[in-house]
Amino acid sequence: MKKIISRSNSTRVFGKEYALSYDYFYQDKDYEKECDFIESIFKKFSGNVKTILDLGSGTGGHALILAKRGYYVMGVDRSKEMLEIAKSKAKKENLSIEFIHGNITDIDLHQKFDAIISMFAVISYQTTNSALAGGCKVASKHLVSDGLFLFDCWNGSAVLTEKPTVRVKKVELKDNKKIIRFTDPILNTMNHTVETRFKIWKIENDHLIDETNESHFMRFFFPQEIRYFLEIAGFSEVEFCPFLELEKTLTEHDWNMAVIARR
Ligand SMILES: C[S@@+](CC[C@H](N)C(=O)[O-])C[C@H]1O[C@@H](n2cnc3c(N)ncnc32)[C@H](O)[C@@H]1O
820 MKKIISRSNS TRVFGKEYAL SYDYFYQDKD YEKECDFIES IFKKFSGNVK
870 TILDLGSGTG GHALILAKRG YYVMGVDRSK EMLEIAKSKA KKENLSIEFI
920 HGNITDIDLH QKFDAIISMF AVISYQTTNS ALAGGCKVAS KHLVSDGLFL
970 FDCWNGSAVL TEKPTVRVKK VELKDNKKII RFTDPILNTM NHTVETRFKI
1020 WKIENDHLID ETNESHFMRF FFPQEIRYFL EIAGFSEVEF CPFLELEKTL
1070 TEHDWNMAVI ARR
């Protein structure tokens, strides 16, 4: 049997190997449907969104689709590797989206947008109160008055009710290659965090050729604390619903909650 040829324990999150596997692991994530949801919120709460800032834009899953639908979109992410993938996808599709390297907790772009989105638990990566406060302040500063801030994050009531579990995801690639991701979570009920330990195996012809380990600390939030942080940052109205279900009421069984705030 061949030896493992590469092994990395990343101290960063969304490093090179994780970023390169990201779109494979989320190839079933329905970004078109999520953008329909985003647009339904624009329609219900604003009706006049033309410009969008995507905080934590990752590999551009939402940014590209929204740009294709006619919006002016700018993305910000702190992972250079995720940004590179987003940029090359946009170039390939001839879309002019500006992807900026920066931290969503303190960036100043010196411009305002009609709406800000931060999708797929980006806000749950802000595990300290100061990071969350910074993210809300950044969103507020970059919005026109009456602008909308929309994000999804982990709902504390559901995390404590359902509890995170060990998961394994396998993706078959061409040329007899596959990638397997093991997710091993550690719940910290006092810190409101889950240390999500990922191990990614790249396998070629049944041989392990690469192993990457990343630990992602994710925070779960309770609606009342989110409301408080948003109000402090200058938002006036705040609403919650289960992610992708605008007309439903959030319960302790909805792991992903959507938060809609108006400045
Ligand atoms: C789960 S991915 C989501 C990416 C994208 N929004 C999507 O839906 O596919 C989380 C992204 O948030 C970014 N991120 C997390 N915290 C950040 C911060 N403080 N500043 C900038 N980017 C951040 C990560 O680098 C990563 O690309």
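Quick note: the sequence shown uses the working numbering, first residue 820, plus one each step.
We put the CB at the ideal spot given by N, CA and C, even for glycine.
Quick caveat, the model's predicted, so the values are computed rather than measured.
The nearest non-hydrogen atom of ligand 1 is less than 7 Å from the C-beta of residue 945. Beta bridge pairing from DSSP links residue 893 with 872, 917. Close CB contacts of residue 1049 within its chain, under the 6 Å cut and outside five residues either way in sequence, are with 955, 1057, 1080 (chain order).
Excluding the 5 residues flanking it on each side, residue 856 has same chain C-beta neighbours closer than 6 Å at 1063, in chain order. Annotation for residue 1007: the continuous beta strand (DSSP E) segment containing it runs 996-1007.
Taking residue 1002 as the centre and dropping the five residues before and after it, the same chain places the C-beta of 985, 986, 1015, 1017 closer than 7 Å to its C-beta, in chain order.
Taking 8 Å as the cut-off, the Cβ atoms of residue 873 and residue 889 do not count as close.
In terms of Cα proximity to residue 1052, the closest of 949, 1069, 1037 is 949. Closest by C-alpha distance to residue 914, out of 927, 979, 934, 881, is 881. In terms of Cα proximity to residue 1037, the closest of 972, 1028, 992 is 972.
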